[in-house]
Each structure stands twice: as C-alpha cells, then as structure tokens.
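Residues in the sequence shown are numbered consecutively from 3, following my numbering.
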Amino acid sequence: FSMLITAILTVIQLGVDYKIGLNRLHDKFDLIEKSYLSSITNALWEFDNDYLKLQVGGISDIADLQYVEVRNKDQIVVSAGQLRAENVIIKEFPVIHNFRGNEVNLGSLKVIITLESLYENLFDKVLIIAVSQLIKTFLVSFFIFFIFYNLVGIHLARISSYTQNLNSKSLDEVLVLDRNYNKSPYNEIDQLVSSINSMCKKLYGHQQQLSHRASHDQLTQLPNRVLLIDRLKQAIEDAKRDQSKIAVLFVDIDHFKNINDTYGHKFGDQVLLHVAQRFTDVLRKNDTLSRIGGDEFVALTRLGKDGDDASLLAQKMLSCLQHDFIYDDVKIVLNISVGISVYPDDCKKVELLLRNADAAMYKAKALGRNNFQFYSPELTKASELRIEMQSEISDALQHDEFLVYYQPQVDSLTNEVKGAEALVRWQHPTKGFMSPNEFIPIAEHTGQIHLIDQWVLDKVAQFVTQHNNKVPKIAINFSSRSFAQESLSEVTINSLNAALCTADKIEIEITESHLLIEPKKSIGQMQRLSNSGVTIAIDDFGIGYSSLSYLKNLPINKLKIDKSLVDNLENDASDRAIIRAIITLGRSLDLQLIAEGVETQAQCDFLAKSKCTLIQGYYFSQPLSEEDFLDFLAEKQVA
C-alpha cells in the first residue's frame, strides 16, 4: 500500500516538474523574441549577413536550442545547429520591418528547442525516487522479516520440519520449540504445537492398535502367520550364526470342525482360547506360539545340542490337553496332531519348514491322531487325504461341479445394490453340498486354487454378459497363488474379452495377508489389472501386517473391513476405534469402503454413522444362487 501511495505522489510530482520544465523552455522562446528578433530584422533588411550570422550564433548558444534558421522569402539565409524531428518544440517568428509606416515581411526566424534535457532530468528524478524507495522498502522489509523470523518464522520452520519428517516410526516423538516460555507467553504457535502433539499421540495409539491387530490373531492374541514368518526368518538367521537348530511344530486340533458344527462357533472360540492358554503354559519364554488360521497353531522353538527338545515339547503339548474341556455345561475331550520339521536337517527355507511340518502333521492324523510325527522326505508327496481331494477337485473342474453364489453388497442409506461378491460352492457327487472351508485350503496347498479362481472368473464374466443391464459390479476373491501367476492379468483380460464382459463390471479382491506373501508380484499384477479397468479391493483389511507401510503404494479402489472387526463392535470399544481409524484412513486416501460380515441393525447403524454405508452380510442377504440373486435384484434398485 505504501508503495502505491509513493507511486501516485511520484507521478504527480513528475507532472508538475514536466510543466515547469516546459514553461522554462517557452521562456527561452520569449527571450529570443525580445533579445534577437529586432537585430535579426535590421540585419536582414540591410543584407548584413555577417551580423546576421553573429546573431544566429548567439541564439544557437542558448541551452537546449537544437536548431535555428533565418529565411527570406526565397531561401535560408543563415542557419545553425542540427535539425532532428524527435522530442522538440518548434516556434517560427515572422521577420517584419516597418518602412515609412508600412510593414514589410522579410522572412522568418525558425527556432527548435529539444526536450531531451527535460526528459533526462525527469528520468534522473524517477531513478532517484525508485532507488530510495527500494532501499527504504528493503530496510523496512528486512526489519519486519527479522522480527517475524525470530518471533514466528523460526518456530514455523521447526514445525514444518517436524511435520515433513513425520512418519509411522516417529509418531511418538514430541514436538518441542526452542523458546523461553518465561519471557514468551502462551500463544497461537503453542496452541498449534499442542494440537500437533495431541494428534500424533492419538495417531500413535491407533497405529499401535492397528499394528497389533495386523500382527496378532484377534481371538487368541497370539502372533499370526505373517508375524510368525518374520520371527522364523530371524530365528533361521540366528541359527546360521550360532550353528544351532530350530524346530517348527505344526499343531491341528483333531475333529475341530465337528466341534464347531455341533456346539457352535462361540463354543469353538472357547476351545481355541483354552488350547492357546495351555500351549502358552508349556512353552518357554523365548519360544513363539502362533495361530495361523482356523484350528492350526505353530510353535517355534530353539533346540539344544541333543535335539530332543522338540519331542519333549510335542509331548508336553499333547499332555496338557489330557483333562476334559468343560464350557457351558458341555464336556469334551480335546486331542491334537503335531508335525515337526527341523532346521537345518529337513530344509533351510521358511516356507518349506512350515510345509514340511504341515505334511508331518497330516501323517500324524493318518496314524490315528493324538500323536506327533517328525518330517521325513517321503511326506513331500503329501498325505493320502490331500491326494484324494486334489483328484476330486480336478474332476469337479472338469465336470462343472462347482457353483457360484452371489452375496449382495447394499448401500444402507439408499437400499441400492451397489455390487456383489462371487463365492464358490461345491456340489460334490457323493459328499453333497460343500462349503469353501472344506476344499479351498487344500486347493491352496496343492496349487489348484488358481484354476478355481479362473473357473469362477469365467462363470462370473458369462453371467454378467448374459444379464448386463440387471447385475451390478461383481467382486471375485483371488488367492495369493493366482496373483503369483505371471500371466494372471493377461489371462483375466482375455477371459473378460472372450465373454464380452466389460472390465468395469469386475472387481478383483485379494486378502491383506495373502498380498504380503509375495508383495512385489502381487502389486505388479494389481497394477496391470487396474490399468485394464478392473477395480481392485483389499479384502479382510485390518488384520494384515504393516498395513500402513504398503497401502499408499497400491493401485487399489476399495478397502473391505474384516468381519472379525465387525463381529464384536457392539461390545468392544477397541474394535469400534479401529473401524473408525480404518474408515478415516480410507477416506483420506479417497478409497471406497465396505464392511463384510454385517449381521445386526446395531452394526449397520454404527457403520453408517461412521460414514461406511456399503454393507455385505447376512443383515441384508446370505449368499444366493444365480436365480435367487436375480430375484433379489428385481426387488431392489441396482446402482
């Protein structure tokens, strides 16, 4: 503003100076007229050219005079100076002689005065004003900057540096400003620092909860599969360095599925908690006990020189369950089968150790259960049960024994069907209707899962094309083995093209835990699928490992909140807090959110209030056959 005022005043002053300068130049014309015109008239009358030259020379010596000439009626008599047409004032005086009372026109006196010196003076003044204003502005600005920097800027720079370097590993660091609080009262900067520290503290708390959720089983609070693999890798490194041995004990509860089917999942959960506690009691402090899924536990222990520790530990685990388990007036006997694999005797790789221990566990089951077996090379061909199931899965793929069921995904606010998840079922010719829990784990173990995934994709693509205007987007859950296939994206796109199904009608899901088994391959596949127009979703989000470290780099469109978080949200404040944190995270990354496993009005209301309105679960519908799904869509509005 001050510079604007200065500019206006400068323009006014220059205008005044310009007028004064012009007046002075015109005064010179008056001087010439009064001092020289009479003499020039007489000299021209008397044809006194010498005197005429003398007079013209005197005029040419006047400052700012550029050119002067004296003309008679026919020609220039005398001239001085150089004639230039730019930036000049021209004035011509008539030369008139009074002879015997008559005025005789002898010619004219032409005078040209230049404006260059006037312009130069004005320019010099502008330059002086500009330089002085610049110096003044610089000094004032420097003074203001100096005060601002010392009072505010230095602290803002510290805050900026802190926030720029803020990451998941530094959330517990407190932001502290270097200032004397005895002399500086509490102000807005302190309020900002306090707010940042408060925000970081809350984020750190949520991160710790998410990290624990990501690395631990939600029921037993034991390490999950991903954390087990991490610890197993570290144990192998330690064993290499110390030239020692480690043992992996793969434990499966005998007939656990029958227990679940007979007494319900609540009873089954209590069995798992009981087993986890008994195992924890018999393991040493440095051992690791993990629940890797269902009724499967894995113990990791370091062996002594004689190597008998593994047998002793397995026997302790068998013995600790000898007493009857009693819950809710129901008494049952619990037995386990244990398979043992030893590093480095059996193998030297993490996955092989687990696989070999798993194979040994199936051998223990084949030998009557309730015992432990060590791995032996012949077990690499897998157990008879797996061979049988593998053959049956191949037959099922050839004879179209599998079925695709669809579970709707509904917007709880508008009641619109936004999508559906395709779920595979098996109509076994002798065993009847089979749920995926009975054959998917074996298919994953044998590598047939990607064939099932491909079969489901083909069927869904055909179904979508056949009913294109009636069905919403369909989600298909691909296994980690499918994502490990280099040709997955090409095969998927070819399958959609063959069925004339547009890519925007298909959504591919991968579970968070599967994604991290081979993350580089999985992410590459996801990127290629996303580029083709297929939507990508992370399934079971909230129970994986190190979720926040990879999420920002994934080409995903949707997060699917895991059922285990939804199950207890009515009674568990921690689950509610985790769900809110996931929703906030997803919205900040512009991701769509959907909650699975929603079964009650209270769960639906909480999710809607937390701004997650897309719902999948028995609250709206169980998985439906194609015909029932079309009937369901006919009753609802499809988005």
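Ideal Cβ placement from N, Cα and C applies to all residues, glycine included.
Identify every residue that forms a DSSP beta bridge with residue i.
i, result
"P346", "Paired residue(s): none; P346 is not in a bridge."
"R304", "I248"
"I508", "I476"
"S524", "DSSP lists no partner for S524."
"H218", "P225"
"I538", "I510"
"I255", "I338"
"A1", "With the chain running from 3 to 641 in the structure shown, residue 1 is simply not present."
"E298", "D254 and G295"
"E598", "Q618"
Between which two residues does the beta strand (DSSP E) carrying residue i extend?
i, result
"L108", "N104 to T116"
"S81", "I78 to G83"
"K93", "V90 to F101"
"L616", "L616 to Q618"
"L675", "What the structure shows of the chain is the stretch from 3 to 641, and residue 675 is not part of that stretch, so it cannot be assessed."
Which whole-angstrom value is the C-beta distance of residue i and residue j, which I expect to be below 8 Å?
i, j, result
"S489", "A463", "That belief does not hold up - the Cβ atoms of S489 and A463 are roughly 17 Å apart, past 8 Å."
"A249", "T282", "Contact flag wrong, Cβ pair sits at about 17 Å."
"I563", "C606", "Going by Cβ atoms, the distance from I563 to C606 rounds to 13 Å, so no, they are not a contact pair."
"R483", "I451", "5 Å"
"L179", "V195", "6 Å"
"L390", "W428", "This sequence places Glu at residue 390; Leu is not what is there. That belief does not hold up - the Cβ atoms of E390 and W428 are roughly 14 Å apart, past 8 Å."
"L323", "L336", "5 Å"
"D297", "I342", "That belief does not hold up - the Cβ atoms of D297 and I342 are roughly 18 Å apart, past 8 Å."
"S81", "E71", "4 Å"
"Q487", "T448", "About 15 Å separates the two Cβ atoms, so there is no contact after all."
"K638", "E598", "K638 to E598, Cβ: 18 Å. No contact."
"Y329", "I238", "So it is not a contact: roughly 38 Å between Cβ atoms."
"N74", "G23", "No, N74 and G23 are not in contact; Cβ-Cβ is about 34 Å, not under 8 Å."
"S292", "N373", "Rounded, the Cβ-Cβ distance is 21 Å, inconsistent with contact."
From what residue to what residue does the alpha helix (DSSP H) around residue i run?
i, result
"S292", "Here S292 belongs to no alpha helix (DSSP H); instead the beta strand (DSSP E) covers T290 to G295."
"K611", "Q603 to K611"
"E637", "E628 to E637"
"Y329", "Run containing Y329: none in the alpha helix (DSSP H); it sits in the beta strand (DSSP E), F327 to Y329."
"I261", "F258 to Y265"
"K333", "First-last for K333: V332 to I334, but that is the beta strand (DSSP E), not the alpha helix (DSSP H)."
"L314", "D311 to S321"
"S40", "L39 to W47"
"I61", "N51 to S62"
Around the C-beta of residue i, are 16 or more other C-beta atoms found within 10 angstroms, so that it is buried, or is it exposed?
i, result
"Y547", "Residue placement at Y547 cannot be trusted, given a pLDDT of 48 that sits under 50; what the coordinates show is reported in the next sentence. Buried: at least 16 other Cβ atoms inside 10 Å."
"K479", "Strictly speaking, residue 479 in this sequence is Asn, with Lys absent from that position. Buried, since its Cβ has 16 or more Cβ neighbours within 10 Å."
"T494", "buried"
"R243", "exposed"
"P96", "exposed"
"S339", "buried"
"T43", "buried"
"Y364", "buried"
"H208", "buried"
"A569", "Correcting the residue identity first, residue 569 is Asp in this sequence and not Ala. Its Cβ being crowded by 16 or more others within 10 Å, D569 is buried."
"E190", "exposed"
"F49", "exposed"
"T139", "exposed"
"V300", "buried"
"L502", "exposed"
"T290", "buried"
"G421", "buried"
"S143", "exposed"
"Y164", "buried"
"M319", "buried"
"A45", "buried"
"L224", "buried"
Shorter than 8 Å from the beta carbon of residue i to some beta carbon of chain B?
i, result
"L11", "The question asks about chain B, but that chain is absent: this structure has only one protein chain."
Which ranges does the alpha helix (DSSP H) cover as unbroken runs of at least 4 residues, wholly within the region 111-193, from first to last along the chain?
118-150 and 156-166
At which residue ranges does the region 451-505 contain complete alpha helix (DSSP H) runs of 4 or more residues, listed in the order of the chain?
451-468, 482-486 and 490-500
Sequence ranges, beta strand (DSSP E) only - wholly within the region 364-447, length at least 3
374-376, 404-413, 418-430 and 434-436
Which runs of the alpha helix (DSSP H), 4 residues or longer, sit entirely within the region 544-595?
549-553, 565-569 and 575-590
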